[in-house]
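Peer 1:
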Amino acid sequence: MYVQLLKSLNRLHPRAWDFVQLSRMDRPIGIYLLLWPTLSAVWIAGQGSPTLANVLIFGLGVVLMRAAGCCINDFADRKVDGHVKRTADRPLASGRVRPREALTLFAVLVGVSFLLVLCTNSETVWLSFAAVALAFCYPFMKRYTYYPQVVLGAAYSWGIPMAFTAAGGELPAAAWLLYIANLLWTVAYDTYYAMVDRDDDLKIGVKSTAILFGEADRVIILSLQGLSLGCLMLAGSSFALGGWFYLGLLGAACCFVWEFWSTRRLDREACFKAFLHNHWAGLLVFMGVVLDYALR
1 MYVQLLKSLN RLHPRAWDFV QLSRMDRPIG IYLLLWPTLS AVWIAGQGSP
51 TLANVLIFGL GVVLMRAAGC CINDFADRKV DGHVKRTADR PLASGRVRPR
101 EALTLFAVLV GVSFLLVLCT NSETVWLSFA AVALAFCYPF MKRYTYYPQV
151 VLGAAYSWGI PMAFTAAGGE LPAAAWLLYI ANLLWTVAYD TYYAMVDRDD
201 DLKIGVKSTA ILFGEADRVI ILSLQGLSLG CLMLAGSSFA LGGWFYLGLL
251 GAACCFVWEF WSTRRLDREA CFKAFLHNHW AGLLVFMGVV LDYALR
């Protein structure tokens, strides 16, 4: 129903669907993976009672910045995506959208996001410049380093320190535990995603942690997920979170174990499903945060 609603935008403009696909609004998994840890930080920074303004600012900011990231990613990969089976039909790779149009949409989305940030405070505004820089740099990293997933993790986690400065103008040291936890988790699930395209990436020279990790990929992913949970436990102790939070972490741990088991044959479909499944892990952690504050 959601996709059909987006497709109906073609009634307003014949090329609307091309830009929906460019910004990946028809595939909201990236929004979920970015949204849950960001909202968890918003809740913790607000001590369980975040302002409605901050919830809306960061919720909408997630949607807009993820869309902007997809635009610049496809711009960077416009000469590569056509050689990868999964991405060959993307709007830029197939010629349905021109490079200049992708850059224009990126600029518009970033501009609107910046207007949202201006509703917070100066500390958060300054941090937002780093968010844009990370979002812009990530797509180009796969040409030069086997660690583009680390840059993605840094970009996907930057809303966490911003949530704390927006709530009180200060950035406690424990907030960086949440940041590191999310960075590690992002590297883990995006490695599953990279494993889907690993054969194609090897042929065209694109680098990723999936290639770097090689046969140890699943073990390293599970280790990163374990380290992420460890950082979250430390953060939970620092922020005096209780049983519901740790129950959410237990649920996330069960998700990670299932992903490890389900990808034992390393087929593309299983790796892609494992990537998608991380949405539930993030949701469980967020629910644990919300319930822990609400049921005290």
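Using the UniProt record's numbering, the first residue of the sequence shown is number 1, and each one after it goes up by one. Glycine included, C-beta positions come from ideal geometry on N, C-alpha and C.
1. Decide yes or no for the touch test of the segment 39 to 52 against the segment 163 to 176: beta carbon pairs closer than 8 Å, at least 3 of them.
2. Report yes if the CB atom of CYS119 is closer than 8 Å to the CB atom of ILE57, and no otherwise.
3. Comparing alpha-carbon positions, which option in ILE204, LEU105, GLY226, ARG198 lies nearest PHE213?
4. Going straight from the alpha carbon of SER208 to that of SER238, what length do you get?
5. Going by beta carbon distance, what residues of the same chain come within less than 7 Å of ARG268, once the five residues before and after it are set aside?
6. Spatial neighbours of ARG218 within its chain, please: C-beta separation below 7 Å, excluding the five flanking residues on both sides.
7. Where do the ends of the alpha helix (DSSP H) carrying TRP158 lie?
8. Would you call the CB atoms of SER122 and PHE286 closer than 8 Å?
9. May I ask you to verify whether the segment 65 to 73 touches the segment 21 to 36, counting CB pairs closer than 8 Å and requiring at least 3?
10. Look up LYS273 in the DSSP assignment and say whether it is helix, strand or coil.
11. Can you tell me where the alpha helix (DSSP H) holding THR263 begins and where it ends?
12. Return the chain-ordered ranges of every alpha helix (DSSP H) run that is complete within the segment 80 to 155 and spans a minimum of 4 residues.
13. Give the DSSP-derived three-state secondary structure of PHE213 in the structure shown.
14. Based on Cα-Cα distance, which residue from PHE19, ARG100, SER23 lies nearest to LEU64?
15. Buried or exposed, going by whether 16 or more other CB atoms sit within 10 Å of the CB of LEU183?
Peer 2: In short:
1. Three or more Cβ pairs closer than 8 Å define a contact, and the segment 39 to 52 meets that threshold against the segment 163 to 176.
2. Closer than 8 Å, so yes.
3. Ranking ILE204, LEU105, GLY226, ARG198 by Cα distance to PHE213 puts ARG198 first.
4. Using only the alpha carbons, I get a separation of about 34 Å.
5. Excluding positions up to five away in sequence, the list reads VAL196.
6. By the criterion of a C-beta distance shorter than 7 Å, ARG218 is surrounded in its chain by PHE260, THR263, once the five residues flanking it on both sides are discounted.
7. Careful: TRP158 lies outside any alpha helix (DSSP H) and carries neither H nor E.
8. One thing to note: SER122 has its Cβ no nearer than 8 Å to the Cβ of PHE286.
9. The answer is yes - the segment 21 to 36 touches the segment 65 to 73, with three or more Cβ pairs under 8 Å.
10. Three-state DSSP puts LYS273 in a helix.
11. Annotation: THR263 is outside any alpha helix (DSSP H) and is labelled neither H nor E by DSSP.
12. As far as the segment 80 to 155 is concerned, its whole alpha helix (DSSP H) runs of at least 4 residues are 99 to 117, 122 to 141.
13. Correct three-state label for PHE213: helix.
14. Measuring from the Cα of LEU64, the nearest candidate turns out to be SER23.
15. LEU183 is classed as buried because its beta carbon has at least 16 other beta carbons within 10 Å across all chains shown.
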